[in-house]
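A.B. asks: One structure is given below, represented as structure tokens, and several questions about it will come after.
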Amino acid sequence: MEKRIVFASILVAVIAAISLNSAIADTAIPQWIKNTAKYWVNGDVGDADFLNAIQYLVQKGIIQVNIPVKEVSATNGAPSDNDRVTSFVVRFVNIANAPRDLPTMITINTFQRIYEFGQTSSGYSNVGTQTTVKTNPQFQLYDLPSKDKSQFYELLNSALSTGQNVQNNAQTTFDVLIDLYTGDGTLLHTLEYDKCTVVTFFVNTNADKNDYRMSPTSQDAEDREATNFNCQGYHLDLPNKTTNP
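In this note's numbering, the protein residues as written are 155 to 399.
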């Protein structure tokens, strides 16, 4: 009996933290609930009956339970320099039909930008049937002309010279691996383009000072070069361990 009275006192304290709908509290509490509460304190009814009575009050909105909402503050979700990609290295491998003096792999770490524009898209014909229009993976490397790319220019010259050859086995082809590194030197993943050829190569002068400057010391016009590639395949390679560029 004493335990029930103590529990009832605790329950009163809990209910004090619960919002009671005063507009209906005086009239909407059924008599059987009042009796159940009295009988429960006296030990005449079990706990299950008493809890059912409390549940009834909650379900009918007579007792409104206010659940506190934790404060949510807006945070900057941008990754740190150590966690985000800050540099990339381009490797040309599996080179076929190129000058013999070229190495089996050409590595360049001074390319500035990558653009992708190849895709596979679906559509519908004029008779309502679904069709798929496929284009090969295509991408562009954009950068400043520089001496460190001398071997790349040799490969580029060979690819442009053989690009119009109708015999595919006479074209200069290669795979392109683009390693993306985070600021702490972790290799995040590698973009792999298979059996690529060079579509176009051109140099342009960018005099827009509001545009991003590729050279940190450049305040004037920049001579830039762009190389467009067309490839036969594309996939993403995820590394198993941390490496450094």
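Even glycine gets a Cβ: it sits at the ideal position worked out from N, Cα and C.
#1: Determine the DSSP secondary structure at I268, reduced to helix, strand or coil.
#2: Can you tell me whether A177 is helix, strand or coil according to DSSP?
#3: When you compare the segment 231-245 with the segment 329-344, are there three or more beta-carbon pairs, one atom per stretch, that lie closer than 8 Å?
#4: Using beta-carbon positions only, say whether H343 and L309 come within less than 9 Å of one another.
#5: Unbroken beta strand (DSSP E) runs of length 3 or more, entirely within the segment 315-351: which are they?
#6: Helix, strand or coil for L309, going by three-state DSSP, please let me know.
#7: Using only the alpha-carbon positions, how far apart do N311 and N394 sit?
#8: Count Cβ pairs between the segment 348-358 and the segment 376-386 that sit closer than 8 Å; are there 3 or more?
#9: Quick one: Cα of I249 to Cα of Y388, how far?
#10: Apart from the five residues just before and just after T359, which ones in its own chain have a Cβ nearer than 6 Å to its Cβ?
#11: Are the Cβ atoms of D329 and L341 separated by less than 9 Å?
#12: Is D302 closer than 9 Å to R267 when the C-beta atoms are compared?
C.D. replies: Reading from the atomic positions:
#1: strand
#2: Note that A177 scores a pLDDT of 49, beneath 50, so its modelled location is shaky; the value from the coordinates is reported in the next line. Three-state result, A177: helix.
#3: yes
#4: no
#5: Counting only runs of 3 or more, we get 327-336.
#6: helix
#7: 36 Å
#8: yes
#9: Distance between the alpha carbons of I249 and Y388: 17 Å.
#10: A375 and D377
#11: Going by C-beta atoms, D329 is not nearer than 9 Å to L341.
#12: no
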